[in-house]
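The sequence shown lines up with residues 4 to 249 when you count with this note's numbering.
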Amino acid sequence: MKNKIIVITGGATGIGFALAKALSIKNTVISLDRNIAKIEALKKSLPKVESITADVTIGEDLDKAIAIIDQAHGKIDLLINNAGKGGLFDFVNASEKELMENIETEMAINYFAPIRLTKKALPLLRKSKTPIVVVVSSGLAYMPIATLGTYCASKAAVHFVTMSIRQQLKDSTIHVVEVLPPVVDTDLSKDATMPKMQTDTFAAIFMKKLSKHEEVMNIGQSSFLDKFSRYLPKTAFKMLNKPQKG
C-alpha cells in the first residue's frame with residue numbers, strides 16, 4: 004500500500020502507534036487523538052504523521068476532523084477505527100455509579116465511536132477508488148474474561164455491528180475489515196499475565212493480511228478463540244477465567 008490517505012484513531016499509542024509507524028512510510032497518515040501530551044510525543048516520534056486533536060466520543064470533534072481532512076486531502080482511502088478503552092469489571096464490589104460510568108465510557112469509545120466516525124467518513128471514503136474501513140475489535144469478542152466483562156461486551160458489540168455494516172455496504176466499493184488482535188503489549192494489557200504480542204509484530208501481520216484483502220483478521224490467540232469458542236465454549240471460558248497463581 005502506498006500513496007494513500009489513511010486516518011487512524013488512537014494513533015499516538017499502542018497498536019495504533021505501531022500501525023501509524025508502519026503505514027506512514029509510504030502513505031499520508033492522519034491520527035485522531037485527544038490527549039495533548041501523547042499527541043506531542045507522536046509528533047516527535049513520527050513527524051510525518053499528521054495529527055488532529057479530537058475526542059472520538061464527541062460528534063462535533065469528529066465533524067471538525069472530517070472537515071480538516073476534506074480540505075487538506077479531499078478523500079479517505081483507509082479509515083482505521085482503532086481507539087479503545089478497557090478496565091476491570093468488578094460487578095460485586097464497585098459502586099453502581101462507578102460501574103455505570105465505566106460501562107458508558109467503554110461503550111462510547113469501543114462501540115459507538117467506530118459507528119459514528121465511519122458514518123461521518125462515508126462521503127470521503129466514496130471519493131477513493133479503493134476505500135477500506137478497518138474496525139479493531141478483539142479476540143475477546145468471541146469469549147469473555149469475566150474481570151473484563153464490559154470491555155469484552157463492547158468488543159462483541161462492535162464485532163457484530165461490523166458484520167452488519169459490511170453486509171449493508173456489500174454493493175458499494177467500500178471494503179469493510181475487522182481486526183481481532185490477541186493480547187498485545189500495550190498500556191491496556193499492562194496487568195495481564197498471559198503472553199503478549201509486541202506491537203510491531205502485530206503491525207507487520209496486519210500489513211500482510213491487509214495486502215491479501217482479508218475481511219476478518221484473526222491474529223495470534225484470536226484464531227484459537229474463534230474456533231474454540233464455537234466448538235468447546237465451556238472449556239474456552241474456563242481456560243480464560245482460571246484463577247491466576249500468586
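Glycine included, C-beta positions come from ideal geometry on N, C-alpha and C.
Spatially closest choice to A25 from K41, T12, L49, by CA coordinates
L49
Could you name the residues of the same chain whose beta carbon sits closer than 6 Å to that of D36, not counting the 5 residues immediately before and after it, in chain order?
A15, I42
Can you tell me whether G77 is buried or exposed? The criterion is at least 16 other CB atoms within 10 Å of its CB, across all chains shown.
exposed
The beta strand (DSSP E) enclosing H178, as first and last residue numbers:
From DSSP, the beta strand (DSSP E) with H178 extends over 178-183.
Have a look at I135 and N85 and give me their C-alpha separation to the nearest angstrom.
Cα to Cα, I135 sits roughly 14 Å from N85.
Would you identify the three-state DSSP class for V136, choosing helix, strand or coil?
strand
The beta strand (DSSP E) that contains V161, what's its start and end?
It is not in any beta strand (DSSP E) - V161 instead sits in the alpha helix (DSSP H) that spans 152-171.
Segment limits, alpha helix (DSSP H) that includes I72:
62-76
Given a cut-off of 8 Å, decide if I118 and V164 are closer than it, judged by their beta-carbon atoms.
yes
Status (buried if at least 16 other CB within 10 Å, exposed otherwise) for K158:
buried
Which value, in whole angstroms, describes the spacing of the CA atoms of V161 and K47?
Cα-Cα distance, rounded: 32 Å.
Out of N30, I112, S141, which has the shortest C-alpha to C-alpha gap to L183?
S141
Less than 8 Å between the C-beta atoms of A23 and V59, yes or no?
no
With a threshold of 6 Å on Cβ separation, who are the neighbours of Q224 within its own chain once the five nearest residues in sequence on each side are excluded?
G142, P185
Evaluate V95 with the Cβ neighbour count: other Cβ atoms within 10 Å of its Cβ, from every protein chain shown; 16 or more gives buried, anything less gives exposed.
exposed
With 16 as the cutoff for other CB atoms within 10 Å, does I28 come out buried or exposed?
Taking every protein chain shown into account, the CB of I28 has fewer than 16 other CB atoms within 10 angstroms, so this residue is exposed.
Taking the Cβ atom as the reference point for each residue, do S131 and I79 lie within a distance shorter than 8 Å?
It is a contact, given that the beta carbons lie within the stated cut-off.
If you count every other CB in all the chains shown that lies within 10 Å of the CB of M210, and 16 or more means buried, which is it?
exposed
Under a Cβ-count criterion, where at least 16 other Cβ atoms within 10 Å of its own Cβ denotes burial, should M103 be classed as buried or exposed?
exposed
Backbone CA spacing between I9 and A40 [nearest angstrom]:
22 Å
Mapping DSSP to helix, strand and coil, what is L81?
strand
Determine the contact status of D64 and A75, defining contact as a CB-CB distance below 8 Å.
no
DSSP beta-bridge partners for I33?
Paired residue(s): V10, E53.
Out of curiosity, what's the CA-to-CA distance linking T176 and E217?
15 Å
Identify, in the order they occur along the chain, each residue of the same chain with its Cβ nearer than 6 Å to the Cβ of L82, setting aside the five sequence neighbours on each side.
A distance below 6 Å between beta-carbons, with the five flanking residues on each side excluded, links L82 to the following residues of its chain, in chain order: V10, A124, V136.
Neighbourhood of Y145 by C-beta, 6 Å cutoff - its chain only, sequence neighbours within 5 removed
Around Y145: L228, D229, S232.
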